[in-house]
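Report on the following structure.
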Amino acid sequence: MSNRIALFFLVVISFTSTAFQSNLSYEQCARFYKEYQSIAVKMGTATGVELQSLGNRYGRLQERLEAFCQHTEFSDSAKIKKSQEIQTKPQTQRLFSDDMKQQAWEAFYTAPSYCLSNPLSSINKLRCNNELTRFKELFEQQWQQNKDISLTQLEPNQQSGALELEQQNANSKGPELNKSPEINDTSTQSNSPSKLNENPKPITEQIGATTHVATEQDYQTPMTGLDTLFYYVEDYLYLLILLLLLLLSIKYILPSAKKLFTRHFSYVAVNKYLMKHLSVDDYTLYSKISLPIPSGMADIDELVLSPYGIFVISCQSQTGRIYADTTSEVWSEQIGKDRNNFPNPSRQQPMKLAGVKQLFGIEEHIHGLIVFDQEADFRTNMPNNVFHSGQLLAKIEHYEEKVFTEEQISHFVLLLSEYKPSNPFKDILNKIGDKTSQNSEWES
């Protein structure tokens, strides 16, 4: 038994020593270091997503060299530091061949502290590279602008001499400028025309008047991976927010607005529908009029005058499941789990018909119609005088026999002219006031 235990511990120790081997072979370290140097060179010209991807790979290779290649020359701190300087472009390196321009650059830009730390994270490498490019563009603009101002202050003969001197310097420094594209673009601007003019101020002093030092106060918030993502999508962020708000309004606000409009202005849709499909020569429409009756006033949603009859239309705003019973005082509307009762419109219809009969002095050919929205779902049998809005036109046009003369229609129009249409907004405010007064009575 003891032999088996000893054998087991021996196997575990051997596997552990193999698994936690701290050194890689020389060939593996050489391959990693070669790739490490290649990525460092590529990162000098890469930008954006490519630079971030190379930075991540660069960091992993650096960690492997430091952890597993300490026994080789590839982990030499001086070489690693040199490769880091190549890839991160330290802000103290010489960017311009002209001494005066380099001096102006050092006065113009000072790198923030997180760009001087060693080593740099991949996020900070991307961040510092973008900042350096941006400030370098600003410096070039100001340098060229101040140089043009200095040239304008010279005499004409001095200007020509300065241009000849610049051309000679450019020809003499041709081989040197070909080594660096950046120096080739800027060194010809460094020849100081101030040597030909005793009074103009040096360009370094002019640049110093508009310098900007990138200190930690400008970058107090550390950049994270999410900030880097935001850096690329911030131009479209407001558009995405606007699109999201538009989609939410279409999904939630518009249906609620439609229900609110249907509940309080259902007669408007019916009126527009009838005006579009009924002949103007034969049919005359009136909306929201109040006619006197012995017990008060009868509110009529829609009144249609025609030679074929008079149609008194009651427009209902309910759009859910409808449970109707002609013998009941109330009908029910169910939307989801909410169930509400509303007065039986069939019992209110006789009062409206009585108001029309009393005004016109007739007893026949007056038809009462009750109209529900097309979305209303009747779960019981629909009464004979109840229709959906899509069935209303066919019901009115069903009457084809003329029962009133033109003189009678003109007389009816004259009688109705004394009654102005009611204001729907005023009716809504009155309903709100009635509900408020009822609630206050219950609370008291």
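What the sequence shown shows, in mature numbering (1 follows the signal peptide of the UniProt record, and there is no 0), is residues -19 to -1, 1 to 425, in sequence order.
The beta-carbon is built from N, C-alpha and C at its ideal position, and this holds for glycine as well.
Scanning T307, I231, L220 for the CA closest to the CA of N365 turns up T307.
Under the 10 Å beta carbon count, Q125 is surrounded by fewer than 16 other beta carbons and is classified as exposed. The criterion of a C-beta distance shorter than 8 angstroms is satisfied by M278 and L272.
For V394, the enclosing alpha helix (DSSP H) starts and ends at 387 to 397. When C-beta atoms of the segment 311 to 320 are compared with those of the segment 372 to 380, fewer than three pairs fall below 8 angstroms, so the two segments do not count as touching. Per DSSP, N37 is one residue of the alpha helix (DSSP H) stretching across 29 to 49.
Under DSSP, V311 forms a beta bridge with P324. Annotation: the continuous beta strand (DSSP E) that includes K269 extends over 265 to 274.
Secondary structure note for V22: its alpha helix (DSSP H) is the uninterrupted segment 7 to 23.
Your pair P326 and I351 checks out as a contact, with CB atoms roughly 5 angstroms apart and the cut at 8 angstroms. Shown here, S230 sits in a helix according to DSSP, grouped into three states.
Distance between L397 and L220, taken at the CA atoms: about 54 angstroms.
A distance below 8 angstroms separates the beta carbons of M24 and L35. Where L373 is concerned, there is no enclosing beta strand (DSSP E), although the alpha helix (DSSP H) around it starts and stops at 370 to 378. In the DSSP assignment, M278 forms a beta bridge with P273. Taking 8 angstroms as the cut-off, the beta carbon of V384 is found closer than this to the beta carbon of P288. Pairing F323 with L229, the inter-Cα distance amounts to about 32 angstroms. By the beta-carbon neighbour count (other beta carbons within 10 angstroms, threshold 16), E16 is exposed. The C-alpha of S268 is placed about 14 angstroms away from the C-alpha of E399. F55 is positioned such that its CB atom lies closer than 8 angstroms to that of Y14.
Within a 10 Å sphere around the beta-carbon of Y39 sit 16 or more other beta-carbons, which makes this residue buried.
Closest in alpha carbon position to A305, among V337, T265, G290, D358, is D358. Of the residues assessed, P331 falls on the exposed side of the cut-off, its CB having fewer than 16 other CB atoms within 10 angstroms.
Shown here for L32: same chain residues with a beta carbon closer than 8 angstroms to its own, the five before and five after excluded, namely M24, K106, L107, N110 in chain order.
Judged by DSSP secondary structure, L350 falls within the beta strand (DSSP E) whose first and last residues are 347 to 353.
With a contact defined as Cβ atoms closer than 8 angstroms, F393 and L225 miss out at about 55 angstroms. Per DSSP, F89 lies in no beta strand (DSSP E) segment; the continuous alpha helix (DSSP H) that holds it begins and ends at 80 to 89. Remark: C-beta atoms of G336 and I390 do not approach each other more closely than 8 angstroms. At the C-beta level, V251 and I294 come within 8 angstroms of one another. I294 is bridged by DSSP to E283, L350. Note on geometry: alpha-carbon atoms of Y264 and E381 lie some 12 angstroms from one another. By the CB criterion at 8 angstroms, E310 and G301 fall outside the cutoff.
Membership of Y95 in any beta strand (DSSP E) is not indicated; the residue belongs instead to the alpha helix (DSSP H) covering 94 to 97. Here L101 is buried. Its C-beta has 16 or more other C-beta atoms within 10 Å.
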